[in-house]
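Count along the sequence shown from 1, add 15, and you get the number used in this note's numbering.
One structure is given here, and the rest of the page talks about it.
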Amino acid sequence: LGGIPSLVSSWSSTPTSPHHRGFSVSRLSATVSREDENDIRFNNANSLSNEKIDASSLMLNRRSLLLGSGVAATVGAVSALTRSPAQAATTTTAAATTTAPIPQWTLRGGVKMPVLAINTVGLSADETEHAVSLALQYGITHIDFHPGKERDGVAKYLASNKRSDLFLNTKIRKAPPGTSPKEAADRARNQIAEDLAALNVPNVDMLMLRDSPDAEVIQSQWAVLEDALEKGQTKSIGVVNYCQFSLQSVLQTAKVKPALNYYLNHVGMGLDPKGLRSYGESRGIKTFAYGAVGEPGPNPELLEKFSIGQIAKSHGVSPEAVALRWVLQTGAAASVRPTLQFGLGTSVCSTDNKKCEDGVKARAASFSWQLTKAEMTELNSLTSPNDNPTLFASAGCPDSFVLPKTKKP
């Protein structure tokens with residue numbers, strides 16, 4: 016499809032980490048974070064940067080809202096089309112000892128962005144600090160976090176570790192309904208100063224702007240991000256959950272185009288969900304995907320799909336590993352939760368056991384194997400679960416998520 020690059024090339028397949036057996040995930044209560052609540056209330060109230068893959072990192076060679084059972088997070092090596100499933104599994108087991116490097120995009124101004132990020136959404140400050148530490152341990156330097164407790168967890172990590180080790184990626188809070196463009200700009204400007212002070216750093220690597228049903232609010236806040244870019248408070252700027260209306264709004268007045276659009280994408284949504292990917296990429300806006308296994312919780316329909324299970328078996332990996340690898344192999348960057356223990360506004364990365372470490376380790380190994388051309392063709396053709404890529408956008412975008420009303424006791 017036009018505007019969608021192909022990333023069906025293989026990375027050095029030095030052996031990766033050993034297999035990790037599955038763990039059971041109980042259903043999580045839909046506890047909503049403060050920022051999630053703000054986004055949901057907002058919905059209820061309102062019914063070309065030339066980027067490329069860094070060649071030095073490569074060598075040629077989220078509709079269900081139910082929470083499901085956990086799936087094993089395992090790692091494997093690529094099998095050729097001529098290998099049988101048993102041979103592929105044997106090869107995977109023998110090769111599982113080290114992790115291949117994570118490729119990078121080169122963004123505007125030469126900014127290097129690793130294409131795999133750990134997503135800390137819903138974690139406590141302590142859990143975020145733990146997740147960051149684990150990510151660095153296994154080679155993931157891109158940290159995708161929110162203002163508030165997650166930011167404070169990142170700050171705790173930075174207090175005793177080097178800033179230069181991390182690609183820091185955070186988001187501007189959504190302006191409440193009825194906020195004027197000027198007030199929205201002031202809120203964005205103040206948040207940037209607040210976040211940098213809390214992190215005790217001069218800049219972040221990426222600032223991403225949430226959408227609004229008001230085009231003028233989008234434009235006023237985007238101008239603030241452009242100013243932050245010019246001042247060196249951020250090295251790059253992007254957008255979050257922007258549908259075509261939101262992209263049109265920002266592009267009308269932008270001096271600097273968004274480097275990327277961060278939205279939901281997984282197997283079953285196709286290569287060009289709702290036409291959003293081709294619309295953005297044809298305008299130089301890269302795709303940064305979250306929800307490889309579904310949102311707002313792991314999607315059983317996706318993870319229990321027969322074809323995904325068969326592909327996982329042939330490579331000796333888990334269904335969630337196949338789901339993540341598909342996103343990456345379409346040429347998108349991906350932000351992934353550390354485990355399958357997550358729901359709406361919740362996530363877990365406990366220090367009490369090794370589940371989080373095993374999850375991070377498995378995700379870090381995503382570039383140590385690849386899907387075959389035939390497997391990619393099969394996964395590309397799947398048409399369910401067909402979710403809305405901008406599910407968590409404001410009411411300015413179609414079919415945005417609204418928290419179901421609960422009956423008063």
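From the three backbone atoms N, C-alpha and C, an ideal C-beta is built for every residue, glycine too.
Would you list the residues sitting across from F357 in a DSSP beta bridge? S362
Do the segment 358-375 and the segment 317-326 make contact, defined as three or more Cβ pairs closer than 8 angstroms? no
CA-to-CA distance, A410 to E296, given in whole angstroms: E296 and A410: Cα-Cα distance of roughly 23 angstroms.
Start and end of the alpha helix (DSSP H) containing L339? 334-344
Cβ-based burial, N215 [other Cβ within 10 Å; buried from 16]: exposed
Using 8 angstroms for Cβ pairs, my map puts N280 next to V337. What's the rounded Cβ distance? The pair is not a contact, with the Cβ atoms about 15 angstroms apart (cut-off 8 angstroms).
Secondary structure of P404, DSSP reduced to three states: coil
Throw me the rounded Cβ distance for the A140 and D167 pair, which I believe falls under 8 angstroms. Yes, A140 and D167 are in contact; Cβ-Cβ is about 4 angstroms, under 8 angstroms.
Give the DSSP bridge partners of H157, in chain order. Beta-bridge annotation (DSSP): H157 is paired with A132, F182.
Cβ of Q259 within 9 angstroms of Cβ of G290? yes
Rank Y172, N403, L211 by C-alpha distance to the C-alpha of T249 and give the top, closest one. L211
I'd like to know whether the C-beta atoms of T194 and V219 end up nearer to each other than 9 angstroms. In this structure, V219 does not lie closer than 9 angstroms to T194 by Cβ.
Per DSSP, cross-strand counterpart(s) of R225: V255
Would you mind giving the Cβ-Cβ distance between R225 and I187, rounded to the nearest angstrom? I have them listed as a contact below 8 angstroms. 6 angstroms
Extent of the continuous alpha helix (DSSP H) to which F321 belongs: 321-330
For E335, count the other beta carbons within 10 Å of its own beta carbon; 16 or more makes it buried, fewer makes it exposed. Which is it? Around the Cβ of E335, a 10 Å sphere holds 16 or more other Cβ atoms; the residue is buried.
P273 in three-state terms, based on DSSP: coil
Simplified DSSP state of V86, which is helix, strand or coil: For V86, the pLDDT reaches just 31, beneath the cut-off of 50, and the residue's location in the model is therefore unreliable, although a value from the coordinates is still provided. Here V86 sits in coil by DSSP.
Alpha-carbon to alpha-carbon, R378 and K370: 12 angstroms
Measure the Cβ-Cβ separation of G154 and T114 and say whether it is below 9 angstroms. Against a cut-off of 9 angstroms, the Cβ pair of T114 and G154 comes out as a contact.
Give the DSSP-derived three-state secondary structure of A435 in the structure shown. For residue 435 there is no data in the structure shown, the boundaries of the chain being 16 and 424.
In the structure shown, what three-state DSSP assignment does F303 receive? In the structure shown, the three-state DSSP call for F303 is strand.
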